[in-house]
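S.K.:
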Amino acid sequence: MILNILYVISIIAFVIVIPVLIFKRKQAGVTGFKSALTPICFLLIALINIVAYWFNFTGLITWSTSVLLLILAAYFTKFLSPEQV
């Protein structure tokens, strides 16, 4: 029961973070797709793990995907401008 409440809170936070991220990027005047890939990878990690839990698909593929996205997020930090870091 508590775990389901935590996942609902995670989904609500997930939905709130996306518009905030877009607003902050527009406010800072940041354009381009490469600089957005780091936050996109982090959001995809959260989404994949939530969906994997709901469908009882926690396993090697989910872990591998999460690690791959984490490595990609770390790689794409070089495209972030100094104002974003």
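If you're matching positions, the sequence shown starts at 83 in my numbering and goes up one per residue. Quick reminder that beta carbons are idealized off the backbone N, C-alpha and C, glycines included.
1. Nearest-angstrom Cα distance between Ile-91 and Leu-85?
2. Could you pull out every residue in the same chain whose Cβ sits closer than 7 Å to the Cβ of Ile-127, ignoring the five residues on either side in sequence?
3. Using the three-state DSSP reduction, which class does Val-149 fall into: helix, strand or coil?
4. Just the Cα atoms here: how many angstroms apart are Ile-132 and Tyr-89?
5. If you measure between the beta carbons of Thr-113 and Ala-155, is that distance less than 7 Å?
6. Do you know how far the Cα of Gln-109 is from the Cα of Trp-145?
M.R.: On the basis of the data shown:
1. 10 Å
2. Ser-148, Leu-151 and Leu-152
3. helix
4. 7 Å
5. no
6. 35 Å
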